[in-house]
Amino acid sequence: MVLFPRRGDDTGTVTVEAAISLASLVGLLVLVLAGIGAVTDQLRCTDAAREAVRLAARGDPDAARRAVAAIAPNGASLEFVPDADGLVAVVRSVPVGGLLPGVRIEGAAFAIIEPGVVSVESSPEGPSP
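Be aware that the sequence shown starts at 2, since it is given in the working numbering, and climbs by one per residue.
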């Protein structure tokens, strides 16, 4: 007496299920790593903005641009925005080299301009070298 008759050949179904599961796990791992990379890039943009506004407020905007090129992620842009008696530096970038489409990160910092410093231009600076 056969309790469970065989309905057809199901050879290979476990292989297909394993392949789909493995692909899903790899996709999830890529997203987690991209998220960690985005957080790291956010911290780098904030650090670069802090250093840039400090240097620019002391009267050295060229050193600020060099600092952003050294600290921020590749392709980051720097913009100085005058604000009342101070200066705001904004560093923008695309996280993880564009791996997360539609996501842009930004770091900003404020400093009061030192006495005797001529105003810093407020136009955005393109991608850093």
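No residue lacks a Cβ here, since even glycine has one placed at the ideal position from N, Cα and C. Source: prediction; values computed, not measured.
Counterpart residues of P83 in DSSP-defined beta bridges: The beta-bridge partner set that DSSP reports for P83 consists of L88.
Contacting residues, own chain, Cβ-Cβ under 8 angstroms from I72 (five flanking each side not counted): So the list reads R45, D48, A49, E52, once near-sequence residues are dropped.
Among V69, G103, V118, V97, nearest to V33 - alpha-carbon criterion: Nearest option by C-alpha distance: V97.
7 angstroms Cβ shell around V91 - same chain, five flanking residues per side excluded: These residues qualify, in order along the chain: A50, E80, V82, E107, A109.
Span of the beta strand (DSSP E) around A109: A109 -> beta strand (DSSP E) spans 106-113.
Cβ-Cβ separation, A77 to R93 (assumed contact under 8 angstroms), whole Å: Distance from R93 to A77 at the Cβ level is roughly 7 angstroms; contact confirmed, criterion being Cβ atoms closer than 8 angstroms.
Length of the line joining the Cα atoms of E115 and G99: E115 and G99 have their alpha carbons spaced roughly 37 angstroms apart.
Cα-Cα separation between A57 and D84, rounded to whole angstroms: The C-alpha of D84 is placed about 13 angstroms away from the C-alpha of A57.
C-beta neighbour in chain E for L32, strict 9 angstroms: Absence of chain E from the displayed structure is noted, only one protein chain being present.
Beta-carbon spacing of V54, L88 below 9 angstroms: It is a contact, given that the beta carbons lie within the stated cut-off.
Euclidean distance between Cα positions of V17 and V95: Straight-line Cα distance between these residues: approximately 36 angstroms.
Cα-Cα separation, F111 to I21: F111 and I21: Cα-Cα distance of roughly 49 angstroms.
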